[in-house]
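Comments concern the structure below.
In the working numbering, the protein residues as written are 0 to 678.
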């Protein structure tokens, strides 16, 4: 795999060559308890959790989008190796959790889910991450029954001609090192920006010293050019190229190539006054090329005939147009449409022609209105209508290395009209307390991994078997903020009709015997849970933090627990900051998970067995030379505990490695992160 020039050399050279005034990356207001190290972001509103991804985090600063999100209470990650885990919120994964990058959805290419959307996200390249809980918006694409995650860069505007630079270097156990460089130059009329990232690590060891097949290497270059005739108008062209490779401990193949190219064009006009207050338009074109094999990143099979490879890709185009109206002081209305088309192909090697196996298209119309009742309360409501279509282009089917014969749904097309909507009441009780209660309903079409990659219980194809998933959910929440206190709580209860369940090791007839298959089928399900937390400044130097997350679900069709739901989790943190120095610790406590359903789950993973509880202690310290430049170091899993998350993938038999029940988490890990910013 080719790699981009290392950013480390650039960072060190620029730091030496430009002894310029240093500036802080984040400037919090007085009543925001800004974290020294992110351990569990605090909800900004009863609906949203928002935080700055460049702030160091514990456990170890993130190398991809999923590892960044796991700091949010209620968010978990399905571990597969050292990178490219799948995030879950409230136990819901994949297309139930929309992931958008600067407003653009990302789709991976791997039919075995090696590359979820967050695999292509480099956290330091973004200014802000926002989690919108539940089906409480219709503005950000279809589905999203669990929530929506926005990775965003703040609009760039130069008051006068100038330059700016942000950079960081991270080093850690397992030969890990990350580099990030963000250079900007501009004037009031426009700007250019270049972002370079690199992340690399070897195999890590669990608490018992067992090596885990987990090495990876990831690089990206992002280029942006913007025209800004005034502060509220922006036309921006972007281009992203990324490359990666990753070894996996949960399967028989590794990701030898993850190449992605993306081009985007965005226009924004804000604060226009009059009826039309804002106009947004964007277009994207992206391509993912992926190669998986069982010989490039691991010991190859002794028999050359047993070497396997697959080369899927995905081409995605789409766009969005939204207009914000202000008919009067009491109403804000957003109207718009979004569209996406994607084509997926596959081949066994680059010497063979590609074969299209599926095409998908979606056109959505949406509207959302905010009605201000009085100075303290408002009602927000939205409706969305999606026209979804899919084509099954497969002529034959196979499972692993076994041919299943002709595809019974070859050439078939599906068209569905899907509806979503919500209504929410928000109220403020004085300057400190906010509350929210909302009811939402969303209909989600089966995704590629459910519709194309799986079988049906009574057929080798699920294409004509799966119904769209329908979720109706009640969300409640509150936040409380003072100069020294921040507290929050949120809860939900949902009924899911035609929940799409994935089940492995289903026996099917095969010749004179049977074979094991992975099937997708509809069930009825129910989920409920909560997140809560408090953040308190005892005095100007000492701050404490605690959070709790809990979710439970039932498979009403099979009368079983709903699979792949994480157990009760608590986090307790204490931080000290005295001038230039800072220190702190995190205790993560996870209970046993006895509610499970063997071999059932989602497109990412299935329940393996019950798990015991565990506790993990981590410590960190830091020094800030001046505003904007700081060094932070830490040790995660201080007592070198051996453990695995209950939702993580089952460990596979990989030559040279010991197989474990699940992919174990890293043992004791040392890390250090250096950051600076200047202009």
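Ideal Cβ placement from N, Cα and C applies to all residues, glycine included.
Please read all numbers here as calculations on a predicted model, not as lab measurements.
Classified as buried, residue 77 has 16 or more neighbouring CB atoms from the shown chains inside 10 Å of its CB.
About 7 Å separates the beta carbon of residue 396 from that of residue 460, a gap short enough to meet the 8 Å contact definition. According to the DSSP secondary-structure assignment, residue 223 is paired through a beta bridge with 192 and 237. Spatial neighbours of residue 335 in its own chain (CB-CB distance under 7 Å, excluding positions within 5 residues in sequence) are listed in chain order as 319, 320, 321, 322 and 365.
Scanning the segment 562-619 for uninterrupted beta strand (DSSP E) segments of 3 residues or longer gives 568-577 and 580-589, listed from N- to C-terminal end. Taking the Cα positions, residue 594 is about 9 Å away from residue 552.
Bridge partners of residue 382 according to DSSP: 366 and 420. Closest option to residue 424, judged by alpha-carbon separation, among 416, 38, 433 and 418: 433.
A straight-line Cα-Cα distance of about 9 Å links residue 472 and residue 421. Taking one beta carbon from each stretch, the segment 199-209 and the segment 93-110 have fewer than 3 pairs nearer than 8 Å; the two do not touch. Per the coordinates, the alpha-carbon of residue 389 lies some 7 Å from the alpha-carbon of residue 357. Under the criterion of beta carbons closer than 8 Å, residue 572 and residue 599 do not qualify as touching, at roughly 34 Å. Look at residue 449 here: in three-state DSSP terms it is helix.
A straight-line Cα-Cα distance of about 12 Å links residue 398 and residue 507. For the set 147, 134, 214 and 149, the Cα lying nearest the Cα of residue 172 is the one of 214. Check the Cα spacing between residue 567 and each of 583, 560 and 548: the tightest is with 548.
DSSP places residue 65 outside any beta strand (DSSP E); the residue lies instead in the alpha helix (DSSP H), whose first and last residues are 64-68.
For residue 165, same chain residues with a beta-carbon under 6 Å away, outside a window of 5 residues either side, are 181 and 676 in chain order. The closest CA to that of residue 610, considering only 589, 183, 621 and 117, is found on 589. Cα atoms of residue 673 and residue 629: separation of roughly 6 Å, rounded to the nearest angstrom. In this structure the segment 625-639 does not lie against the segment 174-190, because fewer than three pairs of beta carbons, one per stretch, are closer than 8 Å.
Taking all protein chains shown into account, residue 428 has fewer than 16 neighbouring C-beta atoms within 10 Å of its C-beta and is therefore exposed. The distance from the Cβ of residue 133 to that of residue 96 is about 11 Å, inconsistent with a contact at the 8 Å cut-off. The secondary-structure analysis by DSSP pairs residue 267 across a beta bridge with 233 and 279. Counting only residues of its own chain and dropping the five nearest sequence neighbours on each side, residue 160 has a CB closer than 6 Å to the CB of 186. With a beta-carbon spacing of about 25 Å, residue 295 and residue 261 fall beyond the 8 Å limit used to define contacts. Counting of Cβ neighbours within 10 angstroms places residue 302 among the exposed residues, the total staying below 16. Shown here, residue 95 sits in a helix according to DSSP, grouped into three states.
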